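Please read the structure below before turning to the comments.
Protein chains: 2
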Amino acid sequence: MAQKELKEFIDNASQIYLSHLSLDCVVFGFHDGQLKVLLLKMKNSDRWSLPGGFIKQAESMETAAIRVLNERTGLDSIFLQQFHVFSDPGRSDNKEKNAHLRRAGIAVPAGHWFMQRFLSVGFYALVDFSTVTPQPDAFSDDCAWWDIGETGQLILDHSRILFKALEVLRLQLHYQPIGYNLLPPKFTMPELQKLYETILGRKLDRRNFHRKILSYEILRPLKEKRQGVAHKAPQLYSFDTIKYQKALKEGLGGI
Amino acid sequence: MAQKELKEFIDNASQIYLSHLSLDCVVFGFHDGQLKVLLLKMKNSDRWSLPGGFIKQAESMETAAIRVLNERTGLDSIFLQQFHVFSDPGRSDNKEKNAHLRRAGIAVPAGHWFMQRFLSVGFYALVDFSTVTPQPDAFSDDCAWWDIGETGQLILDHSRILFKALEVLRLQLHYQPIGYNLLPPKFTMPELQKLYETILGRKLDRRNFHRKILSYEILRPLKEKRQGVAHKAPQLYSFDTIKYQKALKEGLGGI
DNA sequence: CCAAAAGTGTTGTTTTTACACCCATGA
DNA sequence: TCATGGGTGTAAAAACAACACTTTTGG
Numbered sequence: 001m002a003q004k005e006l007k008e009f010i011d012n013a014s015q016i017y018l019s020h021l022s023l024d025c026v027v028f029g030f031h032d033g034q035l036k037v038l039l040l041k042m043k044n045s046d047r048w049s050l051p052g053g054f055i056k057q058a059e060s061m062e063t064a065a066i067r068v069l070n071e072r073t074g075l076d077s078i079f080l081q082q083f084h085v086f087s088d089p090g091r092s093d094n095k096e097k098n099a100h101l102r103r104a105g106i107a108v109p110a111g112h113w114f115m116q117r118f119l120s121v122g123f124y125a126l127v128d129f130s131t132v133t134p135q136p137d138a139f140s141d142d143c144a145w146w147d148i149g150e151t152g153q154l155i156l157d158h159s160r161i162l163f164k165a166l167e168v169l170r171l172q173l174h175y176q177p178i179g180y181n182l183l184p185p186k187f188t189m190p191e192l193q194k195l196y197e198t199i200l201g202r203k204l205d206r207r208n209f210h211r212k213i214l215s216y217e218i219l220r221p222l223k224e225k226r227q228g229v230a231h232k233a234p235q236l237y238s239f240d241t242i243k244y245q246k247a248l249k250e251g252l253g254g255i
Numbered sequence: 256m257a258q259k260e261l262k263e264f265i266d267n268a269s270q271i272y273l274s275h276l277s278l279d280c281v282v283f284g285f286h287d288g289q290l291k292v293l294l295l296k297m298k299n300s301d302r303w304s305l306p307g308g309f310i311k312q313a314e315s316m317e318t319a320a321i322r323v324l325n326e327r328t329g330l331d332s333i334f335l336q337q338f339h340v341f342s343d344p345g346r347s348d349n350k351e352k353n354a355h356l357r358r359a360g361i362a363v364p365a366g367h368w369f370m371q372r373f374l375s376v377g378f379y380a381l382v383d384f385s386t387v388t389p390q391p392d393a394f395s396d397d398c399a400w401w402d403i404g405e406t407g408q409l410i411l412d413h414s415r416i417l418f419k420a421l422e423v424l425r426l427q428l429h430y431q432p433i434g435y436n437l438l439p440p441k442f443t444m445p446e447l448q449k450l451y452e453t454i455l456g457r458k459l460d461r462r463n464f465h466r467k468i469l470s471y472e473i474l475r476p477l478k479e480k481r482q483g484v485a486h487k488a489p490q491l492y493s494f495d496t497i498k499y500q501k502a503l504k505e506g507l508g509g510i
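Those sequence lines, one after another, are chains R and Y.
Residue 1 is where the first sequence starts when you use the working numbering, and the numbers rise one by one after that.
Residue 256 is where the second sequence starts when you use the working numbering, and the numbers rise one by one after that.
Here it is, written out as structure tokens:
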């Protein structure tokens, strides 16, 4: 059985989108002390993919990325950052594409737009897990958060794209503040620390972390503490958005 | 008078190159205490441009960048690093392109490959000024080093591309060693310091810089000193390539 | 012998690291 | 009341910054 939407999309794509170019989004979230990534499961396939799409004829990459992410997952006005162009001639494997079209019962002529070689621009975003409700689009039958490292083999070179995004994220951590988009508006110091530890993949000293983060002066202590938890109630913080933005621009060390 | 080469190139381009995509190279060199950038002056134009070009149908971006830089400037086997995709819909201005074609006496039909909107992938490289002899290609009548900041207005958005490359270079300086490709094989500590000062745009303390760099253990003191200079003969160094490469991968702080 | 640039040393300050201790809370 | 996690202090070590002094060279 053919998928009406996919057929229609493929038939019209060459009129609407640039050729040879696509984009893929690596959306990171954080929950339960785990770094997550948002993935789509395509219909007629048992493999998962990064939410990706194509660029309209007169659209900037950045605009396209925001639009694509919204169309494919329902996420709204997310700040996406480009991080790498993936251009290996073998990356957009026609065998894999053909197999998928066959399962969907769609035939496309050889030399069709969809069968081109594609280069993909990778974008990444950090989002607050708790405020987001992913919705799969018409091409997918699931949209879900996966633990980093438990995604298994993604389609095409998407595993590589994910890995590269993670590498860039780790590097950024050393000279830019992180957390504003990954944590809820109010959070505790141990929660922020857990986030850092998860991204870096190693333990940090609780007390030194506390001092260090405070020295950046990007946090505002709130007048409340987290209630209903076992043990001592931890102080709640929120980010000082003004200073946070400043630190994003100028770096943390004030180098 | 038409330029045979340009006409031929434009006529055949759509058969050979991907559509909508180009690349531009920002090649940095260092000479006389000045950071330089390699520019081309197009024939029939008084404005300068970054060496740029197009991507063949089955070529990776990285391969294309090396090829383009070689074809356009004669530079050989240069390591180029992608740093940003420039995709503003207005960046590839048809007014400017048309004016140039008119001056060259070339007519291209509306809707021609060359009149497409182009996205450009920016690459940058650091090269040893002294070992390089730039040669303009058939489309250009000059290929020369310019002081950063004295380039004037470049074509299209090339000034912006150059600025962005410089921004990335400055950022890199804080966590990666630099100099191997910008200095001759043998150099003195003050020369290396001058390079850092030029890129950073500020003075550094001579003695602290000395100690700091040595602590990275990426330099090998040679048994010779620079001869024939006024005042005390400075010690010559070369990079320890093994350790340099290691530092490139792992970062300097050992973060 | 002197001016100018190169090399080395010292010292006080700041930052980082590795801890020990106290506090609050639910079970 | 006790185990557990949260908050604060402190001292040693390392890194950094600011400087003074010595050495070498060409003129």
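Using N, Cα and C, we set each Cβ at its ideal position, and we do this for glycine too.
All of these numbers come straight from a predicted model, not from anything done at the bench.
Asked	Found
Three-state secondary structure (DSSP) of ILE310 (chain Y)	strand
As assigned by DSSP and simplified to three states, the class of ILE255 (chain R)	Bear in mind that a pLDDT of 33 at ILE255 (chain R), under 50, signals an unreliable position, so the number given afterwards is only what the model happens to contain. Here ILE255 (chain R) sits in coil by DSSP.
Under 7 Å from the C-beta of PRO344 (chain Y): neighbouring residues of chain R	ALA58, GLU59 and SER60
Beta-carbon neighbours of SER215 (chain R), restricted to chain Y and to distances below 8 Å	Per Cβ cutoff of 8 Å: no residues; SER215 (chain R) is ~17 Å from chain Y at best.
CB contact flag (MET61 (chain R), PHE139 (chain R), <8 Å)	no
One or two residues paired with MET297 (chain Y) in a DSSP bridge	Y:SER395
Minimum Cβ-Cβ distance from SER269 (chain Y) to chain R less than 8 Å	no
ASP412 (chain Y) burial status per 10 Å Cβ neighbour count (16 or more: buried)	buried
Unbroken stretches of the alpha helix (DSSP H), 4 residues or longer, contained in the segment 411-454 of chain Y	413-427
Test: ARG160 (chain R) CB closer than 8 Å to a CB of chain Y	no
Close Cβ partners of LYS7 (chain R) (< 6 Å) along its chain, the five nearest in sequence each way excluded	ILE106
Assigned exposure category for THR328 (chain Y) - 16 Cβ within 10 Å defines buried	buried
Segment limits, alpha helix (DSSP H) that includes PHE464 (chain Y)	461-471
Simplified DSSP state of ASP128 (chain R), which is helix, strand or coil	coil
For PHE21 (chain R), the first and last residue of its enclosing beta strand (DSSP E)	Residue identity check: residue 21 (chain R) is Leu in the sequence provided, not Phe. LEU21 (chain R) -> beta strand (DSSP E) spans 17-31.
Buried or exposed (CB count within 10 angstroms, at least 16 for buried), PHE79 (chain R)	exposed
Residue from R:LYS203, R:VAL85, R:TRP145 and R:GLY111 with nearest C-alpha to VAL127 (chain R)	R:TRP145
LEU214 (chain R) burial status per 10 Å Cβ neighbour count (16 or more: buried)	exposed
Per-residue burial, ASP32 (chain R) [other beta carbons within 10 Å of its own, 16 or more giving buried]	exposed
Cβ of HIS367 (chain Y) within 8 Å of any chain R Cβ	no
CB contact check: TYR175 (chain R) to chain Y, cutoff 8 Å	yes
Neighbourhood of ILE218 (chain R) by C-beta, 7 Å cutoff - its chain only, sequence neighbours within 5 removed	PRO177, PHE239, ASP240, LYS243, TYR244 and ALA247
Strand pairing of ASP343 (chain Y), partner residues [DSSP]	For ASP343 (chain Y), which the question treats as bridged, DSSP gives no partner whatsoever.
Positions along the segment 76-102 of chain R whose CB lies within less than 8 Å of some CB in chain Y	GLN82, HIS84, VAL85, SER87, ASP88 and PRO89
TYR237 (chain R) versus TYR196 (chain R): straight-line alpha-carbon distance, rounded	16 Å
Residue-level contact to chain R via CB, LEU276 (chain Y), 8 Å cutoff	yes
Cutoff 8 Å: VAL108 (chain R) Cβ touching any chain Y Cβ	no
DSSP state of MET1 (chain R) mapped onto helix, strand, coil	Its pLDDT being 49, under 50, MET1 (chain R) is placed unreliably by the model, and the measurement read from it follows with that caveat. Of the three classes helix, strand and coil, the one that applies to MET1 (chain R) here is coil, per DSSP.
Minimum Cβ-Cβ distance from LEU261 (chain Y) to chain R less than 8 Å	no
Start and end residues, alpha helix (DSSP H) containing ARG67 (chain R)	61-73
Anticipated Cβ contact below 8 Å, PHE19 (chain R) with HIS275 (chain Y), distance rounded	In the sequence as presented, Phe is not what sits at residue 19 (chain R); that position holds Ser. Sure, about 7 Å apart at Cβ, within 8 Å.
Cutoff 8 Å; reference GLU96 (chain R); Cβ partners in own chain excluding five residues on either side	ILE155 and LEU156
Boundaries of the beta strand (DSSP E) in which GLU224 (chain R) is found, first to last residue	219-225
LYS36 (chain R) classed as buried or exposed, judged by whether at least 16 other C-beta atoms fall within 10 angstroms	buried
Per-residue DSSP class, three states only, for SER238 (chain R)	strand
Which listed residue (Y:ARG415, Y:ILE321 and Y:ILE271) has its alpha carbon closest to that of HIS339 (chain Y)	Y:ARG415
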